Each structure stands twice: as structure tokens, then as C-alpha cells.
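Under UniProt numbering, the sequence shown has 121 at position 121, and the numbering climbs by one with no breaks. Each residue gets a CB set at the ideal place from its N, CA and C atoms; glycine is no exception. Remember, it's a predicted structure, so these values are computed and weren't measured experimentally.
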Amino acid sequence: MNKKLLIVDDEAHIRMLIEQTLEDLEDEGVEMLFAENGEQALEIIQKERPNLVFLDVMMPKMNGMEVCERVKKKLGLSEVYIILLTAKGQEVDRQKGLDMGADRYMTKPFDPDEMLTIATGILTP
């Protein structure tokens, strides 16, 4: 079964940066999916059930916290691993993200090597 990775950010250049960071995973058979807002992300998550989601917090229509809460608490999709990406690095923000059900919290600018290591650990056998 193919593993799926969803990259959600309202800024195209950040989606592209994350894609470039993780492109080696495509060689491992990982399918990359993309969304540019929270509503789109929620639709894709419900339909595609990605294994891993890199989810920006600050977005139009529905923010990453709301998406995370819906996926984890309302839909009960605990198998979807969600990493919140945000420019807000305060502990209170991190705690809120984890309270919403996020599996992990990364602050921007993120470390590409760390991102790849995490994604590889989740997506490759």
C-alpha cells in the first residue's frame, strides 16, 4: 500500500520548499498531496487518509488548529500523523497544538534535515 503525505500551507513557496525537502521520499513510493487552505486539507484528509500531514497553523478559511482538532477529535482519525508548522514558537502555542491532537509541533523556519528525518521515520518501513 502506498504511503501518502499531505503538505498544507497557504503560501505556495513554502509548499514547494517542503516538497523539495521531502522529494526523496517519492523514490520510496510516497505519494505527495497538497492543499492551500484548511478546508481543502480537511477534504483531502477525509478522502485520501494520508499517513502524514505537515499542516500550517495560520491559514485562511480554517486554520491548522481547527483542521487538526476535527481530524483527531471529531473524525477520530488517530492514524493520521499531524505535524503543525507555525511561526509561533511560544510554549503556550505549542501546548495548544498538542491539545488539539497534533502529534508534533515544528516552528518555522524549520530544519529541512529534521523534517526529512521525521517524515522518513513515519513513512518508510
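Pick helix, strand or coil for LYS4, following the three-state DSSP scheme. For the purposes of this step, residue 4 is identified with residue 4 of the sequence shown, where counting begins at 1. DSSP places LYS4 in strand when its eight states are reduced to three.
Could you check the C-alpha separation between GLY113 and GLU26 for me, to the nearest Å? To locate residue 113, count along the sequence shown from 1; it is residue 113. To locate residue 26, count along the sequence shown from 1; it is residue 26. Just to set this straight, residue 113 is Asp in the shown sequence, not Gly. Per the coordinates, the alpha-carbon of ASP113 lies some 16 Å from the alpha-carbon of GLU26.
Here's a check: name, in chain order, each residue in its chain whose Cβ is nearer than 6 Å to the Cβ of ALA102, leaving out the five neighbours to either side. Start at 1 with the first residue of the sequence shown, and residue 102 comes out as number 102. Hits under 6 Å: CYS68, ILE82, LEU84.
Using a Cβ-Cβ cut-off of 7 Å (strictly less than) and excluding sequence neighbours within five positions of GLY89, which residues of its own chain qualify? For this step, residue 89 is matched to residue 89 along the sequence shown. Residues of the same chain with a CB within less than 7 Å of the CB of GLY89, apart from the 5 flanking positions on each side, are THR107 in chain order.
Which ranges does the beta strand (DSSP E) cover as unbroken runs of at least 3 residues, wholly within the UniProt domain "Response regulatory" (4-123), from first to last along the chain? For the UniProt domain "Response regulatory" (4-123), the full-length beta strand (DSSP E) segments reaching 3 residues or more read 4-8, 31-35, 52-56, 81-86, 104-107 along the chain.
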